[in-house]
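Here is the structure we will look at, set down as structure tokens.
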Amino acid sequence: MSLKNQKIKTSLLGNRIYIKKHDEYLAETMFYYVDSDRERLGKFLPWVLFSKTVQDELNYIRHTHRCWDDGTIFDFGIFLKENNLYIGNIGVHTIHWKNNRCEIGYWILGKFEGQGYVSEAVRLLEKHLFEIGFHRIEIRCSSLNFRSANVPVSCGYFFEGILKDNTLDIEYEKYSDMYVFSKISTSYLKDNIEPLTIMDKVPIILIAKNLPQYFTQKQIEHLKFDIDNQKGIIYRRNDKIIGFLLYFSSQGVVEISWLGVASDFQNQGIDKALKDEFNNICKHK
Ligand SMILES: CC(C)(COP(=O)(O)OP(=O)(O)OC[C@H]1O[C@@H](n2cnc3c(N)ncnc32)[C@H](O)[C@@H]1OP(=O)(O)O)[C@@H](O)C(=O)NCCC(=O)NCCS
């Protein structure tokens with residue numbers, strides 16, 4: 000085993016969950032979970048098709064152990080702290096040691112969905128990955144998998160774009176697009192101003208709705224349209240969008256159309272930081 004593999008911890012403790020390198024005894028439960036949730040999981044996880052018996056799961060776990068030793072995949076179970084219940088998996092894969100980058104993937108049993116457990120597992124794992132020297136973490140998912148896309152969005156990942164027709168669905172003989180999200184160590188847990196993306200629409204509308212003195216219902220409708228059609232920048236703190244500025248150009252002049260800072264974060268210079276960044280953008284146009 001090389002040094003780089005030993006750097007990865009085999010378990011990490013969070014608030015409500017912990018994640019732990021697989022033990023062989025998990026094979027039976029893992030198979031039962033996959034088998035009982037086959038239709039939902041199989042929609043976006045191609046390996047589900049090949050998991051037909053407990054032995055297949057055991058082989059998979061042994062495979063992940065070999066990969067762990069090779070430094071090619073680090074796969075963990077996700078467990079509830081309160082009762083040690085196993086609820087899903089999270090793993091690090093597509094690791095490029097030379098470039099200090101990797102990808103995180105996950106799945107969870109249906110009855111535990113939507114309670115923030117996967118987001119918590121992602122935050123736990125990314126913290127450790129950055130601590131041990133990874134620079135870039137990616138999360139990729141099908142553009143049809145909105146639940147999966149919500150995870151990097153809620154964890155403050157930057158939406159980098161869409162890989163057109165990236166994946167062939169064998170069953171339906173159709174290609175689908177892939178979303179790519181990333182988080183970079185140098186911007187981790189720092190205040191960041193980033194370009195506006197289509198993933199930012201919901202948090203921006205939420206900020207505007209919470210500022211009724213500035214945004215009427217009618218203006219919010221205009222804002223929704225403009226988010227889809229104009230350029231902009233967002234202000235992110237602790238993975239949360241807390242400010243935005245939208246702009247447009249007309250007859251060679253660039254103008255601000257919308258500016259908003261969440262009420263809890265006003266009078267902290269965020270408005271100025273957004274305007275300064277806007278002025279920078281204008282200078283370089
Ligand atoms: C994709 C998948 C792992 C997402 O799991 P999940 O349980 O929905 O994940 P989370 O709850 O952490 O997702 C965050 C969502 O929970 C909400 N949430 C609820 N409580 C929360 C909390 N305490 N903390 C953080 N987020 C919370 C978030 O706001 C977010 O938004 P949403 O409600 O609009 O979905 C799950 O749907 C799954 O297993 N799908 C099948 C397999 C799959 O597609 N895997 C991914 C392949 S790329």
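Going by numbering that gives the first Met the number 0, 278 is the number at position 279 of the sequence shown; the sequence numbering is gapless. Even for Gly, the Cβ is constructed at its ideal location relative to N, Cα and C. Since the structure is predicted, the reported quantities are computational estimates derived from the model, not experimental observations.
With contacts defined as CB atoms closer than 7 Å, I232 and D199 fail to qualify as a contacting pair.
By alpha-carbon distance to D164, the top candidate from M177, G155, E172 is M177. Under the 10 Å beta carbon count, Y31 is surrounded by fewer than 16 other beta carbons and is classified as exposed. Comparing alpha-carbon positions, the option among I16, I72, E81, G87 lying closest to D36 turns out to be G87. Per DSSP, the beta-bridge partners of C101 are I136. Residue environment for K182: buried (at least 16 other C-beta atoms within 10 angstroms of its C-beta). DSSP, read as helix, strand or coil, puts Y24 in helix. I204: member of the alpha helix (DSSP H) spanning 200-208, first to last residue. Exclusion of E254 from the 6 Å shell around ligand 1 follows from its C-beta lying no nearer than that to any non-hydrogen atom of the ligand.
Looking at the backbone, the Cα of G109 and that of E56 are separated by about 19 Å.
R235 has its alpha-carbon roughly 19 Å from the corresponding atom of E119. The Cβ atoms of K6 and I131 lie closer than 7 Å to each other.
The beta-carbon distance between W106 and L44, rounded to whole angstroms, is 6 Å. This is short enough to meet the 8 Å contact definition. One Cα belongs to L84, the other to G115, and the distance between them is close to 16 Å. The C-beta separation of I103 from E125 comes to about 7 Å, placing the pair in contact by the 8 Å criterion. Ranked by how close their Cα comes to the Cα of K51, the residues K173, V33, R146 have V33 in first place.
In this model, G76 and Y156 are separated by some 22 Å (Cα to Cα). Per DSSP, the unbroken beta strand (DSSP E) holding G259 starts and ends at 252-260. Straight-line measurement puts the Cα of L188 at about 29 Å from the Cα of F214. For ligand 1, a non-hydrogen atom lies closer than 6 Å to the CB of R146.
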